[in-house]
Amino acid sequence: EADIYQTPRYLVIGTGKKITLECSQTMGHDKMYWYQQDPGMELHLIHYSYGVNSTEKGDLSSESTVSRIRTEHFPLTLESARPSHTSQYLCATAGDDSTDTQYFGPGTRLTVL
Amino acid sequence: GENVEQHPSTLSVQEGDSAVIKCTYSDSASNYFPWYKQELGKRPQLIIDIRSNVGEKKDQRIAVTLNKTAKHFSLHITETQPEDSAVYFCAASREDQAGTALIFGKGTTLSVSS
Chain D
56 EADIYQTPRY LVIGTGKKIT LECSQTMGHD KMYWYQQDPG MELHLIHYSY GVNSTEKGDL
116 SSESTVSRIR TEHFPLTLES ARPSHTSQYL CATAGDDSTD TQYFGPGTRL TVL
Chain Z
373 GENVEQHPST LSVQEGDSAV IKCTYSDSAS NYFPWYKQEL GKRPQLIIDI RSNVGEKKDQ
433 RIAVTLNKTA KHFSLHITET QPEDSAVYFC AASREDQAGT ALIFGKGTTL SVSS
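So the sequence lines, in the order shown, correspond to chains D and Z.
In this text, residue positions in the first sequence follow the numbering used here: the first is 56, and each later residue adds one.
In this text, residue positions in the second sequence follow the numbering used here: the first is 373, and each later residue adds one.
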């Protein structure tokens, strides 16, 4: 069944560490997105991609980077984790049709001590 | 850039009552307006969406209306049930040179009491 996978689901890490959050999808979608969300709160767009070798910055992009080498994968890297990065990170995908509907992955809950 | 305002931030209703959540957007070029439901600890799920060439769309107990002139759209839930309790997010599309992104409202926490 087509789905979006995020690993790890939970991560506790110390300040200053470099971390990569993985997102992979079997939806067959070209468009992928990363959002940051505190529980039950607003979704903030971090980065997005419309296809291989395409990446765009969102509203909260300054402290992270992404890459899109393969259609199925869209990893998010924090070069130096800080307590302010403690949040949930949601990956989403959208197809090439005209609907622009986004489908979300289960999320990674990150805690930076 | 696009800005989406959502009201109210919290809404409490009795089972069987109707619930209405309203959103306004700033970019007149926006043409796609989805609504997502997020239950506690789960991922957001699309419940209904509308494009700018349509004024209203209905799916069973859920309906969305769009007023392009006033740049606002609303979610209507009739005959609410306890399982409707969740956080609801509206969003509006934002076009850039490469494609489409979504800008989300801050969310509405709906509580339905039996």
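Note that beta-carbon positions come from the ideal geometry of N, C-alpha and C, so glycine has one too.
From a predicted model like this one, the values you see are computed outputs, not experimental measurements.
Residues bridged to residue i [DSSP beta-bridge criterion]
| i | result |
| --- | --- |
| Gly106 (chain D) | D:Ser109 |
| Asn439 (chain Z) | Z:His444 |
| Gln469 (chain Z) | DSSP, once it has assigned bridges, lists no residue as partnering Gln469 (chain Z). |
| Met87 (chain D) | D:Ser104 and D:Thr148 |
| Asp421 (chain Z) | Z:Pro406 |
| Arg164 (chain D) | D:Tyr65 and D:Gln143 |
| Glu428 (chain Z) | Z:Thr437 |
| Gln529 (chain Z) | Because chain Z is modelled from 373 through 486, residue 529 (chain Z) falls outside the range shown and cannot be assessed. |
| Leu412 (chain Z) | None, per the DSSP bridge assignment. |
| Ala458 (chain Z) | Z:Leu482 |
| Ala463 (chain Z) | Z:Phe476 |
| Thr75 (chain D) | D:Thr132 |
| Gln157 (chain D) | D:Ala149 |
| Ala391 (chain Z) | Z:Ile449 |
| Glu377 (chain Z) | Z:Thr396 |
Own chain partners of residue i with C-beta closer than 7 angstroms, once the 5 adjacent residues on each side are dropped
| i | result |
| --- | --- |
| Asp151 (chain D) | Asp85 |
| Val167 (chain D) | Ile68, Thr70, Ala136, Arg137, Pro138, His140 and Thr141 |
| Arg423 (chain Z) | Asn403 and Tyr404 |
| Leu418 (chain Z) | Pro406 and Tyr408 |
| Asp431 (chain Z) | Ile420 |
Same chain, Cβ closer than 8 angstroms to residue i, neighbours up to 5 away in sequence not counted
| i | result |
| --- | --- |
| Asp114 (chain D) | His99, Leu100 and Ile101 |
| Pro130 (chain D) | Thr75, Leu76, Glu77, Cys78, Val121 and Ser122 |
| Gly83 (chain D) | Ala57 and Gly150 |
| Pro416 (chain Z) | Tyr408, Lys409, Gln410 and Phe461 |
| Glu428 (chain Z) | Ile422, Ala435, Val436, Thr437 and Leu438 |
Any non-hydrogen atom of the ligand MG closer than 8 angstroms to residue i Cβ
| i | result |
| --- | --- |
| Lys394 (chain Z) | With respect to the ligand MG, the structure offers nothing, as it holds no ligand at all. |
Residues near residue i by beta carbon distance below 6 angstroms, same chain, minus five either side
| i | result |
| --- | --- |
| Asn375 (chain Z) | Ser398 |
| Thr472 (chain Z) | Ser465 |
| Tyr88 (chain D) | Tyr103 and Ala147 |
| Gly106 (chain D) | Asp85 |
To test your reading of the DSSP string, which unbroken beta strand (DSSP E) runs of 3 or more residues are found completely within the region 109-135 of chain D? If we require 3 residues or more, the beta strand (DSSP E) runs fully inside the region 109-135 of chain D come out as 109-112 and 131-133.
Do the region 59-77 of chain D and the region 131-144 of chain D make contact, defined as three or more Cβ pairs closer than 8 angstroms? The region 59-77 of chain D, when compared against the region 131-144 of chain D, does touch it at the 8 angstroms Cβ threshold.
Can you find at least 3 beta carbon pairs, one from the region 445-459 of chain Z and one from the region 155-162 of chain D, that sit closer than 8 angstroms? The region 445-459 of chain Z vs the region 155-162 of chain D: no contact.
Beta carbons nearer than 9 angstroms to chain Z: which residues of the region 143-158 of chain D have them? Within the region 143-158 of chain D, the residues whose Cβ lies closer than 9 angstroms to some Cβ of chain Z are Leu145, Ala147, Ala149, Ser153, Thr154, Asp155, Thr156, Gln157 and Tyr158, listed in chain order.
Could you please tell me which residues of the region 89-106 of chain D, in chain order, have their CB closer than 7 angstroms to any CB of chain Z? Listed by position, the residues of the region 89-106 of chain D near chain Z (Cβ gap below 7 angstroms) are Gly95, Met96, Glu97, Leu98, Leu100, Tyr103 and Tyr105.
With three or more beta-carbon pairs closer than 8 angstroms as the criterion, would you say the region 451-463 of chain Z touches the region 407-422 of chain Z? Note that the region 451-463 of chain Z touches the region 407-422 of chain Z; at least 3 beta-carbon pairs, one per stretch, sit closer than 8 angstroms.
Listed from N- to C-terminal order along the chain, which residues in the region 109-136 of chain D have their beta-carbon within a distance smaller than 9 angstroms of any beta-carbon of chain Z? Within the region 109-136 of chain D, the residues whose Cβ lies closer than 9 angstroms to some Cβ of chain Z are Ser109, Glu111, Gly113 and Asp114, listed in chain order.
Relative to chain D, which residues along the region 440-462 of chain Z have a C-beta separation below 8 angstroms, given in chain order? For the region 440-462 of chain Z, which is checked against every Cβ of chain D, the residues closer than 8 angstroms are Val459 and Phe461.
Please confirm if the region 383-398 of chain Z is in contact with the region 121-135 of chain D, defined as three or more CB-CB distances below 8 angstroms between the two stretches. Output reads no: the region 121-135 of chain D does not touch the region 383-398 of chain Z.
The region 391-419 of chain Z: which residues have C-beta closer than 7 angstroms to a C-beta of chain D, in chain order? Of all residues in the region 391-419 of chain Z, those with a C-beta nearer than 7 angstroms to a C-beta of chain D are Tyr404, Pro406, Arg415, Pro416 and Leu418, reading in chain order.
Members of the region 469-484 of chain Z near chain D, C-beta cut-off 8 angstroms: For the region 469-484 of chain Z, which is checked against every Cβ of chain D, the residues closer than 8 angstroms are Ala470, Gly471, Thr472, Ala473, Leu474, Ile475, Phe476, Gly477, Lys478, Gly479 and Thr481.
Output, in sequence order along the chain, the residues in the region 377-389 of chain Z whose CB is closer than 8 angstroms to any CB in chain D. Correct list: empty, as no residue qualifies.
Interface positions of the region 418-439 of chain Z facing chain D (Cβ-Cβ less than 7 angstroms), listed along the chain: Listed in chain order, the positions of the region 418-439 of chain Z with a beta carbon within less than 7 angstroms of a beta carbon of chain D are Leu418 and Asp421.
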